[in-house]
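J.: Quick note, this note's numbering runs 135 ahead of the 1-based positions in the sequence shown. Glycine included, every Cβ here is placed at the ideal spot set by N, Cα and C. Model, not experiment: these values are computed from the prediction. Attaching a single structure in structure tokens format; questions to follow.
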Amino acid sequence: MLMSLKKIFLAMFLIFFVLGGTLLCNAADETVNSANPRYVNILRNDVTLNISGIKAECSASLRANNSTALKIKMELQKSKSSGYVTVETWTSSKTGTFLTISESRIINILYDYRLKVTFIAGEETTVVYKY
């Protein structure tokens with residue numbers, strides 16, 4: 136009697152284990168299939184920050200999948216005790232599939248700098264930081 140109860144419980148456990156795993160896999164598949172792609176317009180973006188002595192050279196480029204309104208906003212920021220502060224801002228925009236911007240500025244070598252770049256392609260926006 137005790138042996139048959141153990142077999143019944145074992146059989147029930149295996150059935151629930153197999154069915155539960157199948158249900159979880161199906162739920163995961165539905166989640167993946169219902170996800171929207173993150174980047175529809177932006178194909179690629181690149182950011183460069185070169186600091187040499189007292190000069191910071193900044194550049195950024197944006198490539199889109201299709202012709203659309205493109206915009207790049209570059210902000211050179213210096214480190215302060217309270218965070219980062221923007222010291223220079225440059226923007227460039229046009230309609231097309233490729234946009235690039237390149238600028239430079241004299242800096243104070245006693246501070247650390249980063250480049251904050253906002254890329255916009257159509258309704259898509261992404262922000263990249265380069266240290």
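Determine the extent of the beta strand (DSSP E) in which Val222 is found, giving its start and end residues.
T.: Within the sequence shown, residue 222 is the residue found at index 87, counting from 1. Its beta strand (DSSP E) spans residues 218 to 241.
J.: For Ala210, I'd like the list of residues in its chain whose CB is within less than 6 Å of its CB, leaving aside the five on either flank, ordered along the chain.
T.: Looking up residue 210 in the sequence shown gives position 75. According to the sequence displayed, residue 210 carries Glu and not Ala. Cβ within range, chain order: Thr221, Thr224, Lys251.
J.: Beta carbon of Ala204, beta carbon of Thr232: below 8 Å?
T.: On the sequence shown, residue 204 is found 69 positions in, with the first residue counted as 1. On the sequence shown, residue 232 is found 97 positions in, with the first residue counted as 1. Cβ atoms of Ala204 and Thr232: not closer than 8 Å.
J.: Count the other C-beta atoms from every protein chain shown that fall within 10 angstroms of the C-beta of Asn185, then say buried if there are 16 or more, exposed otherwise.
T.: Within the sequence shown, residue 185 is the residue found at index 50, counting from 1. Per the 10 Å Cβ criterion, exposed.
J.: With burial defined as no fewer than 16 other Cβ atoms inside 10 Å of the residue's Cβ, what is the status of Ser217: buried or exposed?
T.: Locating residue 217 in the sequence shown gives position 82, where the first residue counts as 1. It is exposed - the Cβ of Ser217 has fewer than 16 other Cβ atoms within 10 Å.
J.: Please report how far the alpha carbon of Phe254 lies from the alpha carbon of Ala191, in whole angstroms.
T.: Sequence index remark: in the sequence shown, residue 254 carries index 119 (1-based). Sequence index remark: in the sequence shown, residue 191 carries index 56 (1-based). If I take the Cα positions, the gap works out to 20 Å.
J.: Of the choices Arg179, Ile177, Ser196, Tyr266, whose alpha-carbon is the least far from that of Ser237?
T.: What you label residue 237 is simply residue 102 of the sequence shown in a count that begins at 1. The shortest Cα separation from Ser237 among Arg179, Ile177, Ser196, Tyr266 belongs to Ser196.
J.: Report the CB separation of Ser214 from Tyr246 in whole angstroms; it is logged as a contact under 8 Å.
T.: On the sequence shown, position 79 is the one that residue 214 refers to. On the sequence shown, position 111 is the one that residue 246 refers to. Their Cβ separation, rounded to whole angstroms, is 6 Å, which keeps Ser214 and Tyr246 in contact under 8 Å.
J.: Please list the terminal residues of the continuous beta strand (DSSP E) segment that includes Ile200.
T.: Position 65 of the sequence shown, counted from the start, is the residue given in the question as residue 200. Per the sequence shown, the amino acid found at residue 200 is Asn instead of Ile. Taken as a continuous stretch (DSSP letters only), the beta strand (DSSP E) holding Asn200 covers 190 to 215.
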